[in-house]
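A.B. asks: Under numbering that gives the first Met the number 0, think of the first position of the sequence shown as 0, with each following residue one higher.
We put the CB at the ideal spot given by N, CA and C, even for glycine.
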Amino acid sequence: MPEPMSPVSFPSTFLWGAATSAYQIEGAVREDGRTPSIWDTFAHTPGKTAGGDHGDVAVDHYHRYRDDVALMSGLGLGAYRFSISWSRVQPTGRGPAVQRGLDFYRRLVDELLAKDIKPAVTLYHWDLPQELEDAGGWPERDTAYRFAEYAQIVGEALGDRVEQWITLNEPWCSAFLGYGSGVHAPGRTEPVATLRASHHLNLAHGLGAKALRSVMPARNTVALSLNSSTVRPLTQDAADLAAARKIDDLANGIFHGPILHGAYPESLFTATRQLTDWSYVQDGDLATINQPLDALGLNYYTPALVSAAGPDHSGPRADGHGASEHSPWPAADDVLFHQPPGDRTAMGWSIDPTGLYDLIMRYEREVPGLPLYITENGAAYDDKPDPDGRVHDPERIAYLHGHLAEVRRAIADGADVRGYFLWSLLDNFEWAYGYEKRFGAVYVDYTTLERTSKSSAHWYGKAARTGTLPEVDEVF
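#1: Is it true that the region 336 to 351 meets the region 255 to 275, where meeting means three or more beta-carbon pairs spaced less than 8 Å apart?
#2: Would you mind listing the alpha helix (DSSP H) stretches within the region 344 to 418 that are 4+ residues and don't spill past its ends, in chain order?
#3: Is DSSP giving Ala-307 helix, strand or coil here?
#4: Could you tell me which residues DSSP pairs with Pro-128 in its beta bridges?
#5: Can you tell me whether Tyr-459 is buried or exposed? The criterion is at least 16 other CB atoms within 10 Å of its CB, across all chains shown.
#6: Between Asp-282 and Glu-132, what straight-line distance do the alpha-carbon atoms span, to the nearest angstrom?
#7: If we require 4 or more residues per run, which alpha helix (DSSP H) segments fall completely within the region 218 to 295?
#8: Would you list the one or two residues that DSSP bridges to His-337?
#9: Mind checking whether Phe-146 and Gly-207 have CB atoms under 8 Å apart?
#10: Does the distance from the CB of Pro-232 to the CB of Ser-326 come in under 8 Å?
#11: Give me the Cβ distance between Ala-18 and Thr-374, rounded to the nearest whole Å; I'm assuming they're in contact under 8 Å.
#12: Beta-carbon within less than 7 Å of Leu-288's beta-carbon, same chain only, minus the 5 sequence neighbours each way: which residues are those?
#13: Classify Leu-112 as helix, strand or coil using the three-state DSSP reduction.
#14: Since Ser-228 and Ala-250 are thought to touch, with beta carbons under 8 Å apart, how far apart are those beta carbons, to the nearest angstrom?
#15: My output table needs one value for Thr-465: the three-state DSSP class, helix, strand or coil.
#16: Rounded to whole angstroms, what's the CA-CA distance from Leu-14 to Asp-55? Just pull it up for me.
#17: Could you tell me whether the region 140 to 158 touches the region 107 to 124, using the rule of 3 or more Cβ pairs below 8 Å?
#18: Is it true that the CB of Leu-468 sits closer than 8 Å to the CB of Glu-7?
#19: Please specify which runs of the alpha helix (DSSP H), each continuous and at least 4 residues long, are wholly inside the region 155 to 221, giving them in chain order.
#20: Pop quiz: Leu-335 and Thr-271 are said to be a contact at Cβ under 8 Å. What is the actual Cβ separation, rounded to whole angstroms?
#21: Go through its chain and collect everything with a Cβ distance to Leu-112's Cβ below 8 Å, but skip five positions before and after it.
#22: With a 10 Å radius around its C-beta and 16 neighbouring C-beta atoms as the bar for buried, classify Gln-163 as buried or exposed.
#23: If you count every other CB in all the chains shown that lies within 10 Å of the CB of Arg-87, and 16 or more means buried, which is it?
#24: Nearest-angstrom Cα distance between Ala-210 and Glu-148?
#25: Can you check DSSP and say which residues form a bridge with Thr-451?
#26: Considering only the beta carbon of each residue, do Glu-30 and Ala-57 sit closer than 8 Å?
#27: Whole alpha helix (DSSP H) runs in the region 19 to 80 with 4 or more residues, listed along the chain?
#28: Short of 7 Å in beta carbon distance, which residues of its chain neighbour Lys-436, apart from the five on each side in sequence? Order them along the chain.
#29: I need the boundaries of the beta strand (DSSP E) containing Val-88, first residue and last residue.
#30: Within 10 Å of its beta-carbon, does Ser-5 have 16 or more other beta-carbons around it, so buried, or fewer, so exposed?
#31: I need the boundaries of the beta strand (DSSP E) containing Pro-118, first residue and last residue.
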């Protein structure tokens, strides 16, 4: 008989949480002074989202937040990462705050603290106020300064009760999908604007971090969340290795270079010199961007497999970012993306937990001593209630077990990973995919908005309560 495997246990201080974002769950888009963000505009533009779906109601978290916090508490979660709707706080992206908008987040934070759940606030999860986009959006430098003012407003309002802060969520998506491929709001397809937006998002992070620290207690922590990619070459040929390096610069180095190391990769400048001279990087910008971080958030779903384009490599793009006639990758027409082998989620993304381990260990080497959090990780599946009303999702349980086991392996190998936030707490509006893709641990009936905890929610809740991963086939 084989010996039973040892249980996968985590440090007692490990933080177990779940994550959401404002536009995906809140609804109430016209209440209490809120005005349109770029996602309101994009989602109401015909042909931009699956089924013409939008977030006008979403899952109505704005009115049901107490019930949702009770769900988290019942599962035993220790933390909740959520984002602030910028246009709910500053309807035009500038000027004084609307207190009614801030009051919602004050109530939410108070409810979380009353249930002994730590709030983790993300200031920007892609919903730029439309008026700022009308003025040029992230490709314009002024947007970074407007973000700093907004950060100061929210920090002053919530900094006495919220200790964990994240400036930006996945700036790569904001820049490359919003201004490159156009599959995300604001739907522009301008390669140079993509690179300009990337720099100004970096600048916004630095200015925002300084603004937060100017108004908050010293005990509070400031981080950001990167969807850094584990980029792997198809072969060890020199051309494929060079292709992987180019995508690594565009996916990772363009953000973590200045943010963590105070410089953009020289190879990035070389690869993009026919598009831009980078003159929008002004004196002093890199020092502003390179603010000390208290932690780094990593979002991971699937690795990238790339090769050089050429007679030996052909096939469709498989970069995991949705169908578009425009590439999100400036100056990378000579690179092909390949579908990695193995099982896939409903998003078509390959399942490879080792990619998360590799990503963690990369940052452990690059910035030793910087605490890490997995601020997003999860999977979409075609979940449906059984006749008894229960929602069984064994595939998601297997996905979570595999990835959390790799997090624990990284900790055992010396990585300072302090927490994990499951994406997502609730089924919700999945951006351009509308309501077709369900990432939630909690099932939402989009007609009645009734919530039902899936098997994975109970599985993850037991892990959170015990600090040990239940078996994959444990019945809930």
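C.D. replies: Working from what's here:
#1: Taking 8 Å as the limit for Cβ pairs, the verdict is that the region 255 to 275 does not touch the region 336 to 351.
#2: Qualifying alpha helix (DSSP H) stretches, in chain order: 353 to 365 and 393 to 411.
#3: DSSP places Ala-307 in the strand class (E or B) of the three-state scheme.
#4: Paired residues: Ser-36.
#5: Buried, by the Cβ-count rule.
#6: Straight-line Cα distance between these residues: approximately 25 Å.
#7: Those alpha helix (DSSP H) runs which fall completely within the region 218 to 295 and span 4+ residues are 237 to 247, 265 to 271 and 284 to 288.
#8: Residue pairing by DSSP places His-337 opposite Leu-304 in a beta bridge.
#9: Yes, the Cβ-Cβ distance between Phe-146 and Gly-207 is below 8 Å.
#10: The answer is no: Cβ separation not under 8 Å.
#11: So it is a contact: roughly 6 Å between Cβ atoms.
#12: Inspection of the sequence shows that residue 288 is occupied by Ile rather than by Leu. Scanning its chain for C-beta atoms nearer than 7 Å, with the 5 sequence neighbours on each side dropped, one finds around Ile-288 the residues Asn-201, Leu-202, His-204, Gly-205, Pro-257 and Ile-258, in chain order.
#13: In the structure shown, Leu-112 sits in a helix (DSSP, three-state: H, G or I).
#14: Confirmed, Cβ separation roughly 4 Å.
#15: If DSSP states are grouped into helix, strand and coil, Thr-465 belongs with the helices.
#16: Looking at the two C-alpha atoms, the distance is approximately 32 Å.
#17: At 8 Å Cβ cutoff, the stretches touch.
#18: It should be noted that the sequence gives Val, not Glu, for residue 7. Yes.
#19: Complete alpha helix (DSSP H) runs here, min 4: 190 to 214.
#20: For a cut-off of 8 Å, the C-beta gap from Leu-335 to Thr-271 is around 19 Å, too long to register as a contact.
#21: Cβ neighbours of Leu-112 within its own chain (closer than 8 Å, five residues either side excluded): Pro-118 and Arg-160.
#22: It counts as buried.
#23: Arg-87 is buried by the Cβ-count criterion.
#24: Looking at the two C-alpha atoms, the distance is approximately 7 Å.
#25: Answer is Tyr-442, bridged to Thr-451.
#26: Cβ distance not < 8 Å, so Glu-30 and Ala-57 don't count as in contact.
#27: Taken in chain order, the complete alpha helix (DSSP H) segments of 4 residues or longer contained in the region 19 to 80 are 21 to 24, 37 to 42 and 60 to 74.
#28: Close CB contacts of Lys-436 within its chain, under the 7 Å cut and outside five residues either way in sequence, are with Ala-345, Met-346, Ala-379 and Glu-429 (chain order).
#29: Val-88 -> not in any beta strand (DSSP E); alpha helix (DSSP H) instead, spanning 85 to 88.
#30: When all chains shown are included, Ser-5 counts as exposed.
#31: Here the beta strand (DSSP E) through Pro-118 covers 117 to 123.
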